[in-house]
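Notes follow once the structure below has been shown.
Numbering (my numbering), first residue to last: 186 to 565.
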């Protein structure tokens, strides 16, 4: 994270060069363009590419307000006449708005018909502007898709303004894409700490010291606890992150040098509901009871050809019944296998945590023994 003095130097240099006024108010730098009355607000510290983003934000105050907002913004924005504390997109096209979002560290993408905007917390105003114009941004981001691509299950058409109040989004988040975005953020933070080499077994990587939960809370405030857990498990199982010292303050992490998910596919299985005891008892009774023999079919009078056709139909029915039973047994075995694999992965994660704690205890014990030897003059 950039120091406050660096931000202050940047703000002073830019405002003096452009002829703007600056003052410290409410823990932020308030900047005013005296020629058009536009104002902007800059935090006292910056993360990642924050300094470059602040330059762009200060220079945006040179543009005047439009005489009249666009119809789309006028219909959705109830505060177009208020003074700006951050850049507004009322005069921007979708291309210009996305360019400003990319310049401020956002990585917008569409997954399952839903717009996602991961990036630094300082760029949240740009994310809000993108979500306010989803009906324009989503088609623009997806317009290069092939016309022959089929619509995936659960996707819906982009709603119009009149339909937005009834829209429900049931498509799950893209865990792999969010995991890659979080890894890139951690990789950038490791570079700021000097890219100190660290290995995880025989896998090379770099060391990052910090609290992962704080990074996620700052950069991805829209994630819920379930999605955060899924993303962290994805990074762990694909060997992209590993906490080497979880009890250190702050914890010490291993971060992989390159992104490679190894073709891992994340699937979620719902627990199989417990059957009704009465249903189980009835099924057991049906299996143990010898079925009554079916009445003999009346003698066919159509000759040998008709009798052969009837026998063939009965054989087909028996084969279909056996095939249905085999399919059911296969599905049950797959569900059980997925559950066993999930339990195995959970145990591996717990084992890694135990190993990290063991290594920490060994290092602390070595430090205690060394201190004891110094105090006793090298005698045990």
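We treat Cβ as the ideally placed atom computed from N, Cα and C, and that holds for glycine.
Considering only residues of the same chain and omitting the five flanking positions on each side of residue 294, which have a CB-CB separation below 6 Å?
Closer than 6 Å at Cβ, skipping near neighbours: 301.
Who pairs with residue 646 in a beta bridge, going by DSSP?
With the chain covering 186 to 565 only, the question about residue 646 has no answer from this structure.
Just to confirm before moving on: does the CB-CB distance between residue 435 and residue 396 stay below 7 Å?
Yes; because the gap between Cβ atoms is below 7 Å, this pair is in contact.
Tell me the rounded alpha-carbon separation between residue 556 and residue 430.
Computed Cα separation, rounded: 22 Å.
Work out the CA separation of residue 544 and residue 211 for me, nearest whole Å.
Cα to Cα, residue 211 sits roughly 46 Å from residue 544.
With H, G and I counted as helix, E and B as strand and the rest as coil, what does DSSP make of residue 309?
In this structure, residue 309 counts as helix in the three-state DSSP scheme.
Does residue 554 come out as helix, strand or coil in the three-state DSSP assignment?
Note: residue 554 maps to helix in three-state DSSP.
Measure the beta-carbon distance from residue 197 to residue 243 and round it to whole angstroms, keeping in mind my assumption that it falls under 8 Å.
Not really, about 11 Å apart at Cβ, beyond 8 Å.
Considering only the beta carbon of each residue, do residue 126 and residue 370 sit closer than 7 Å?
Because the chain is modelled from 186 through 565, residue 126 falls outside the range shown and cannot be assessed.
Consult DSSP for residue 278 and reduce its assignment to one of helix, strand or coil.
Reduced to three states, the DSSP call for residue 278 is coil.
Rounded to whole angstroms, what's the CA-CA distance from residue 442 to residue 305? Just pull it up for me.
Going from the Cα of residue 442 to the Cα of residue 305 covers about 21 Å.
What would DSSP say about residue 430, mapped onto helix, strand or coil?
Residue 430: strand per DSSP, three-state reduction.
Does the Cβ of residue 174 have 16 or more other Cβ atoms within 10 Å, making it buried, or fewer, making it exposed?
For residue 174 there is no data in the structure shown, the boundaries of the chain being 186 and 565.
Taking 6 Å as the limit between beta carbons, can you name the residues of its chain near residue 359, skipping five residues before and five after?
Answer for residue 359: 296, listed in chain order.
Kindly give me the distance between the Cβ atoms of residue 223 and residue 195, rounded to whole angstroms, as I take these residues to be in contact under 8 Å.
Actually they do not touch by this definition, with Cβ atoms about 19 Å apart.
Hey, residue 416 and residue 361: beta-carbon distance below 7 Å or not?
No, these two residues do not count as a Cβ contact at 7 Å.
Going by the beta-carbon positions, is the gap between residue 391 and residue 380 smaller than 7 Å?
Closer than 7 Å, so yes.
Residue 399 to residue 373, Cα distance in whole Å?
Near 15 Å, if we compare the C-alpha coordinates of residue 373 and residue 399.
Counting only C-beta atoms, is residue 513 closer than 7 Å to chain D at any point?
In the displayed structure, chain D is absent; only one protein chain is listed.
To the nearest angstrom, how far is the alpha carbon of residue 277 from that of residue 221?
About 18 Å.
Suppose contacts are defined by Cβ-Cβ distances below 7 Å. Is residue 325 in contact with residue 286 by that definition?
No. Outside cutoff.
With DSSP run on the structure shown, which of helix, strand or coil describes residue 225?
Residue 225 falls in the strand class under three-state DSSP.
Below 7 Å between beta carbons: does that hold for residue 422 and residue 530?
Contact flag set, yes.
Looking at residue 317 and residue 289, is the spacing between their C-beta atoms short of 7 Å?
For residue 289 and residue 317, no; Cβs fall outside 7 Å.
Would residue 303 pass as a contact of residue 366 if the rule is Cβ separation under 7 Å?
Yes, these two residues count as a Cβ contact at 7 Å.
Residues in the same chain with beta-carbon distance under 6 Å from residue 321, minus the five sequence neighbours each way, listed in chain order, please.
Closer than 6 Å at Cβ, skipping near neighbours: 279.
For the alpha helix (DSSP H) that residue 389 lies in, which residues bound it at each end?
Element bounds for residue 389: not the alpha helix (DSSP H) but the beta strand (DSSP E), 388-394.
Would you identify the three-state DSSP class for residue 526, choosing helix, strand or coil?
If DSSP states are grouped into helix, strand and coil, residue 526 belongs with the helices.
Assuming residue 236 and residue 191 make a contact with CB atoms under 8 Å, what is their CB distance in whole Å?
Sure, about 7 Å apart at Cβ, within 8 Å.
Please determine, among 439, 418, 214 and 508, the residue with the shortest C-alpha to C-alpha distance to residue 382.
Among 439, 418, 214 and 508, the Cα nearest to that of residue 382 belongs to 439.
Here's a check: name, in chain order, each residue in its chain whose Cβ is nearer than 6 Å to the Cβ of residue 208, leaving out the five neighbours to either side.
So the list reads 215, once near-sequence residues are dropped.
On the CB-based measure, 16 or more other CB atoms within 10 Å of its CB, does residue 490 come out buried or exposed?
Looking at its Cβ environment, which holds fewer than 16 other Cβ atoms inside 10 Å, residue 490 is exposed.
Does DSSP put residue 549 in a helix, in a strand, or in coil?
Helix, per DSSP.
According to DSSP, is residue 320 helix, strand or coil?
Of the three classes helix, strand and coil, the one that applies to residue 320 here is helix, per DSSP.
Any idea what DSSP makes of residue 519, helix, strand or coil?
It is helical.
From residue 219 to residue 205, what does the alpha carbon distance come to, in whole angstroms?
Spanning the two alpha carbons is a distance of roughly 6 Å.
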